[in-house]
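In what follows, a structure is listed as structure tokens, so that the remarks can point back to it.
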Amino acid sequence: MAVKRTMSGTRSTRWFYFTADDEAYVGESDKDRANLSLADFSRGLERIPDDVIYPDVPAGTHITIAPENLADGAVFIKRMAFNRIKSCSTRIGLLKEEGLSEVLAIEKVSKTPHPYIVQYHGCRVHRGRITGVVLEKLRYSLADYTNFQEDNGGDGSDDGDSDNDAKESDNGDDSEGDNDSDSDNVDNDRGVPRTKLRRIDKEAFLAGVESAIKFLHSIGLAHNNISPANIMVREVDDGSYTPVLVDFGSCMPFGMHRYGRGTPGFMDREDENLLISRARHDEFALQRLSEWWHKDHRKERLRLLNELSVKWPKVHQKQQMTDMEGVESGEGVKSGEGVKSGEGVKSGEGVKSGEGVKSGEGVKSGEGVKGAEGPEP
């Protein structure tokens, strides 16, 4: 669900819903989310035609069909970036092409599974069209690890609650009356807050990322969007952490025109061939990733946002217009407020909560209220 502020300063709300067989609905209202009733949610839903958003299964091309018996909660169903749709006639063709391109890339990659590349289970196909890509579900990205500060009051173990992690790290643990508790949460050599990133063996982790990149290059592909947000973290039983490369929306054969511009801070702004798929993009991003590792990431996020505003002011203005106050990325309408999974849209019924789309998290079939995913690339 996205809450946006219009040019006039008023707020509007948009939401998405998917049935069990991936029929997609979009709803939009000029009301603030807090003022929407269940009836508003159901009345506002409008079916998006399949041919508008879903690419055809290409003739003569093998597409893996995802098994139907995959365990609930074990997979992430990746769908096209619905939040980037302004209307049923704007940029849809490009988004469909991008979605099909990602499928073709990951089909090629999956022929030789790599330990540091996300596991691909296949595609969801309905009514002759590709409606989703089914991947292994991983909880946190490398970027997420910079948001969790270590709690000096314990062993810093992850309790599985990112909200609590944030609250604990903000408040610290001063139960023993230790006046130096704040400094205990800081790497004194650099004055940078200690985050869960410090648990990860940097050299081993980046070696894994490099291994995944070299594998892609060996089969003629460049990822073209390496960044902390596109590297998930797999926590291994022995206590170690390994990388998992995700998001193949920009992955293309060398020399082809790619989709998107990459992630600010992890692309060479001076590269005249920025929109051409090249191994150089991945190599540059890997070097930046190594430099990024020990930065103060809160300051770095502000710096990158400023860089974005300078290079692409129109995109930045759109981001400024998006008021996400009270709406977390991927947050849906609470359970009990919606259309039940697999049912149609009935009068007086709203949209049932779907699990949000965080980085690496999925939306269950028929339960999807799609979260906002940021500005257009």
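Note that my numbering has the sequence shown beginning at 75, numbered continuously upward.
No residue lacks a Cβ here, since even glycine has one placed at the ideal position from N, Cα and C.
Note that this is a predicted model, so its numbers are computed, not measured.
Classification of residue i by the beta-carbon crowding that lies within 10 angstroms, buried from 16 upward
i: residue 146; result: exposed
i: residue 293; result: exposed
i: residue 150; result: buried
i: residue 278; result: exposed
i: residue 343; result: exposed
i: residue 300; result: buried
i: residue 314; result: exposed
i: residue 298; result: buried
i: residue 453; result: Any question about residue 453 goes unanswered here, given that the chain covers just 75 to 451.
i: residue 172; result: buried
i: residue 359; result: buried
i: residue 201; result: exposed
i: residue 179; result: buried
i: residue 346; result: exposed
i: residue 104; result: exposed
i: residue 475; result: Residue 475 is absent from the structure shown; the chain starts at 75 and stops at 451.
i: residue 96; result: buried
i: residue 93; result: buried
i: residue 282; result: buried
i: residue 168; result: exposed
i: residue 288; result: exposed
i: residue 152; result: buried
i: residue 331; result: exposed
i: residue 321; result: buried
i: residue 134; result: exposed
i: residue 312; result: exposed
i: residue 356; result: buried
DSSP-derived helix/strand/coil call for residue i
i: residue 97; result: coil
i: residue 285; result: helix
i: residue 279; result: helix
i: residue 343; result: coil
i: residue 331; result: strand
i: residue 115; result: helix
i: residue 110; result: coil
i: residue 362; result: helix
i: residue 212; result: coil
i: residue 349; result: coil
i: residue 103; result: strand
i: residue 292; result: helix
i: residue 272; result: helix
i: residue 317; result: strand
i: residue 92; result: strand
i: residue 201; result: coil
Under 8 Å between C-beta atoms of residue i and residue j
i: residue 325; j: residue 353; result: no
i: residue 210; j: residue 193; result: yes
i: residue 219; j: residue 276; result: no
i: residue 127; j: residue 99; result: no
i: residue 196; j: residue 274; result: no
i: residue 177; j: residue 207; result: yes
i: residue 319; j: residue 335; result: no
i: residue 303; j: residue 217; result: yes
i: residue 204; j: residue 129; result: yes
i: residue 316; j: residue 190; result: yes
i: residue 111; j: residue 333; result: no
i: residue 328; j: residue 364; result: no
Interface flag, residue i vs chain D, CB-CB below 8 Å
i: residue 310; result: Absent from the structure is chain D; it holds one protein chain and no more.
4 or more residues per run - each alpha helix (DSSP H) lying fully within the stretch 126 to 199:
Along the stretch 126 to 199, the alpha helix (DSSP H) occurs as fully enclosed runs of 4 or more residues at 166 to 184, listed in sequence order.
Meets three-Cβ-pair contact criterion under 8 Å: the stretch 302 to 310 and the stretch 200 to 219:
When C-beta atoms of the stretch 302 to 310 are compared with those of the stretch 200 to 219, three or more pairs fall below 8 Å, so the two segments count as touching.
Could you say if the stretch 89 to 103 and the stretch 111 to 127 meet the contact criterion of at least three C-beta pairs nearer than 8 Å?
Yes, the stretch 89 to 103 is in contact with the stretch 111 to 127.
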